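The structure appears below as structure tokens.
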Amino acid sequence: MKKVLSLIVLCLLFISSITIPVHANVEYADGEYRAKSAQQFAEKYFEKIILDIVNSEDAHNYNLTNSTNITFSKLHKRYRLSNDFVTTKNELSEDEGIVDSNEYIAVVYQDNIPVNVIATAENKDGDYVLSMFGYGKDLAMALDAKSISDGKIFYEAPADAWYIFENGRVLGFAKSAQLLIEKPLKLPEFREYIYKKYASQKEIIEHGQNTAVGGNFNKTYEEVMQEKESSSPAMEEQDSSTSTLKLSLLIGSGILLISYFALRYYRKQQKY
């Protein structure tokens, strides 16, 4: 009987050991890291955030190895397309069409190789926090390879495409955007291309598979952009943690069930 009880206790300890850590590695997603400027946030927290991920089981998901030789590029301001630019034909200036996103991005280098991109943005309280890590290696390589002076880097979030506007023309910046537009477009030409893609719900549905808009009749392009941009590694970590918890509970239930029948069998044998 003591052996069976010991087995049950060991099972419970095993379940605890695999379910307790489900919230690890997401402390910075709760706003613990804050600064009054993008530069200050980058200098104080970027390295710590990346090293936390390097030392986690998820490092390979972000093109990271176990090397702790981490450096960063300078910060680049990210822009976005305004809702009016995308969904109307109203006359707009360049500054009204390609607007500040309040986010700054930087290349993450590991052993001097561009591997990913990290970002910080201003929140509603006026503090800069981690907004994204995981914009991808293609963007990291593009930022590393190209000299950016007066150009504006902007993001078409539903298509996961990065462009640059410079000298009056829009060019694909990272590979995904280069596949979408094969040659430089003047701003009115690019606007026409975007307008046809997103202006009506019909167009959104037709392009849903390619743009990840999904054909939601109740949301504007701007709302879709905000939802897309609000996703982060912390959310992915949370999904992963939920899956781990479910698996742990399933395993634990199985072990307890086996223990129950083992106990019944033991008692039955004692009668004889």
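When you read off a place in the sequence shown, starting at 1, and then add 9, the result is the number in this note's numbering.
Cβ coordinates follow ideal geometry from the N, Cα and C atoms, glycine included.
Note that this is a predicted model, so its numbers are computed, not measured.
Measuring alpha carbon to alpha carbon, tell me which residue in Phe-94, Ile-59, Tyr-54 is nearest Glu-198.
Ranking the options by Cα distance to Glu-198, first place goes to Phe-94.
Contact between the stretch 44-58 and the stretch 79-93: three or more CB pairs below 8 Å?
Proximity of the stretch 44-58 to the stretch 79-93 meets the contact definition, three or more beta-carbon pairs being nearer than 8 Å.
Which value, in whole angstroms, describes the spacing of the CA atoms of Gly-106 and Leu-73?
Rounded to the nearest whole angstrom, the C-alpha separation of Gly-106 and Leu-73 is 36 Å.
Can you tell me where the alpha helix (DSSP H) holding Leu-60 begins and where it ends?
Note, Leu-60: alpha helix (DSSP H), 56-63.
Thinking just about the alpha-carbon of each residue, which of Asn-111, Val-116, Ala-186 is nearest to the one in Pro-167?
Taking the Cα of Pro-167 as reference, the smallest distance to any Cα among Asn-111, Val-116, Ala-186 is reached at Ala-186.
What residues in its chain sit with their C-beta under 8 Å from that of Lys-53, if we drop five residues either side in the sequence?
Scanning its chain for C-beta atoms nearer than 8 Å, with the 5 sequence neighbours on each side dropped, one finds around Lys-53 the residues Tyr-42, Ala-44, in chain order.
Return the chain-ordered list of same chain residues with a C-beta closer than 7 Å to the C-beta of Leu-77, the five sequence neighbours on each side being excluded.
Looking at the sequence provided, one finds Thr at residue 77 rather than Leu. Taken in chain order, the residues that qualify are Leu-60, Val-63.
For Leu-148, which residues of its own chain have a beta-carbon under 7 Å away from its beta-carbon, when the five flanking residues on both sides are left out?
Here the set comprises Val-126, Trp-171, Ala-183.
Nearest to Ala-208 (by Cα), restricted to the options Ile-264, Ile-162, Asn-99:
Closest by alpha carbon: Asn-99.
Can you tell me whether Ile-267 is buried or exposed? The criterion is at least 16 other CB atoms within 10 Å of its CB, across all chains shown.
With fewer than 16 neighbouring CB atoms inside 10 Å of its own CB, Ile-267 falls in the exposed class.
Consult DSSP for Phe-182 and reduce its assignment to one of helix, strand or coil.
Reduced to three states, the DSSP call for Phe-182 is coil.
If I measure Cβ to Cβ from Met-150 and keep anything under 6 Å in the same chain, skipping five residues before and after, which residues do I get?
Contacts found: Pro-123.
Presumed contact (8 Å Cβ cut-off) between Val-117 and Ser-91, rounded CB distance
So it is not a contact: roughly 29 Å between Cβ atoms.
Let me make sure I understand the geometry here. Which of Val-179, Ser-156, Glu-112, Tyr-204 has the alpha-carbon closest to that of Thr-129?
For Thr-129, the nearest C-alpha among the options comes from Glu-112.
Within 10 angstroms of the Cβ of Ser-156, are there 16 or more other Cβ atoms? Answer buried if so, exposed if not.
Counting Cβ neighbours within 10 Å, Ser-156 comes out exposed, since fewer than 16 surround it.
Nearest CA to the CA of Glu-131: which residue from Ser-110, Ile-173, Leu-101?
Measuring from the Cα of Glu-131, the nearest candidate turns out to be Ser-110.
DSSP state of Thr-80, grouped into three classes?
Strand.
Our contact map puts Tyr-144 next to Ile-114 with C-beta atoms below 8 Å; I'd like the distance itself, whole angstroms only.
Yes, Tyr-144 and Ile-114 are in contact; Cβ-Cβ is about 7 Å, under 8 Å.
Could you give the uninterrupted runs of the beta strand (DSSP E) lying entirely in the stretch 123-181, keeping only those of 3 residues or more?
Segments of the beta strand (DSSP E) lying fully in the stretch 123-181: 137-142, 161-165, 170-175, 178-181.
Burial state of Gly-177 (16 or more Cβ within 10 Å)
Counting Cβ neighbours within 10 Å, Gly-177 comes out exposed, since fewer than 16 surround it.
Under the rule that 16 or more other beta-carbon atoms within 10 Å means buried, what is Gly-135, buried or exposed?
Taking every protein chain shown into account, the CB of Gly-135 has fewer than 16 other CB atoms within 10 angstroms, so this residue is exposed.
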